[in-house]
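Just so we're aligned, residue 354 is where the sequence shown starts under this note's numbering, counting upward by one.
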Amino acid sequence: MKLSSFKVLIPALALPLPAFAADLELKIEIPRINAAEYHRPYVAAWIEKSDNTVASNLAVWYDLDMKNGEGTKWLKDMRQWWRRSGRTLSMPVDGVSGATRPVGNHAVSFKGNSKQLAGLSPGSYTLVVEAAREVGGREMLTIPFEWPAKAQTLSAQGKTELGKVGLVVKP
């Protein structure tokens with residue numbers, strides 16, 4: 354290899370990485386509820402800007418298996434998500450929507466260049482997780498965070514429909 358070949362490689366290696374490249378891990382616990390008629394909760398997780406507008410939808414778990422898309426009928430029971438974003442979406446949304454989850458801990462992770470995070474500019478945000486269950490209750494948890502940031506591990510504890518919700522931001 355000639356020395357002139359190295360001249361081409363060196364400037365390319367010196368380019369800075371984007372300052373806002375970070376990954377996000379979301380952990381949602383769905384607690385065991387003793388009820389005569391138990392239904393898995395519908396869950397929505399999204400990121401809000403400081404003005405309460407939706408910056409990104411991360412996950413929407415609902416009953417995908419109902420014929421004729423009947424599962425979408427109860428999405429509006431997640432009231433905050435529905436008002437802020439849900440009613441404008443055509444479900445299912447690729448990479449966002451999925452089936453309801455059973456009791457237990459569930460993790461979802463996003464790379465900094467993913468569709469959900471690529472549009473986030475530096476600033477203050479809030480992770481919002483809302484759950485609603487047929488013949489059950491409704492609960493919403495919020496976790497404020499900075500993007501991009503140093504490593505952050507944050508959490509909130511639910512009382513009824515949600516257990517512990519964790520957020521890990523990795524630079």
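Beta carbons are placed, not taken as given, at the ideal position from N, Cα and C, and that holds for glycine. These numbers were taken from a predicted model, which means no experiment stands behind them.
Buried versus exposed, by CB contacts within 10 Å (16 or more), residue i
{"i": "V449", "result": "buried"}
{"i": "Q510", "result": "exposed"}
{"i": "S438", "result": "buried"}
{"i": "R486", "result": "buried"}
{"i": "P394", "result": "buried"}
{"i": "A375", "result": "buried"}
{"i": "M431", "result": "buried"}
{"i": "V488", "result": "exposed"}
Start and end residues, alpha helix (DSSP H) containing residue i
{"i": "Q433", "result": "R432 to R437"}
Enclosing beta strand (DSSP E) for residue i [first to last residue]
{"i": "P497", "result": "R491 to W500"}
{"i": "Q505", "result": "Q505 to Q510"}
{"i": "K380", "result": "D376 to I383"}
{"i": "K523", "result": "K517 to K523"}
{"i": "A471", "result": "Run containing A471: none; DSSP gives neither H nor E here."}
{"i": "E483", "result": "G476 to A485"}
Proximity winner among the options, relative to residue i (alpha-carbon distances)
{"i": "V522", "options": "L507, K420 and N410", "result": "L507"}
{"i": "N410", "options": "P445, E499 and V488", "result": "P445"}
{"i": "R433", "options": "E483, E487 and P524", "result": "At residue 433 the sequence reads Gln, which differs from the Arg that was named. Of E483, E487 and P524, the residue nearest in Cα terms is E483."}
{"i": "L515", "options": "K503, D376, W500 and G490", "result": "G490"}
{"i": "L551", "options": "G422, V518 and P501", "result": "Because the chain is modelled from 354 through 524, residue 551 falls outside the range shown and cannot be assessed."}
{"i": "K512", "options": "L377, H392 and E382", "result": "E382"}
{"i": "T441", "options": "P455, F463 and V407", "result": "V407"}
{"i": "D478", "options": "M431, A388, V488 and I496", "result": "First, the amino acid is wrong: residue 478 is Tyr here, not Asp. For the residues M431, A388, V488 and I496, the minimum Cα distance to Y478 belongs to I496."}
{"i": "E378", "options": "L480, A452 and E492", "result": "L480"}
Contact test: residue i Cβ vs the ligand GDP heavy atom, cutoff 7 Å
{"i": "L480", "result": "Among the components of this structure there are no ligands whatsoever, and the ligand GDP is therefore not found."}
The stretch 459-479 contacting the stretch 402-414, beta-carbon criterion three pairs below 8 Å: Because the criterion of three Cβ pairs below 8 Å is met, the stretch 459-479 and the stretch 402-414 touch.
Three CB pairs or more closer than 8 Å across the stretch 464-482 and the stretch 389-406: Yes, the stretch 464-482 touches the stretch 389-406.
Complete alpha helix (DSSP H) runs within the stretch 399-463 (minimum length 4 residues, chain order): Listed in chain order, the complete alpha helix (DSSP H) runs (minimum 4 residues) inside the stretch 399-463 are 432-437.
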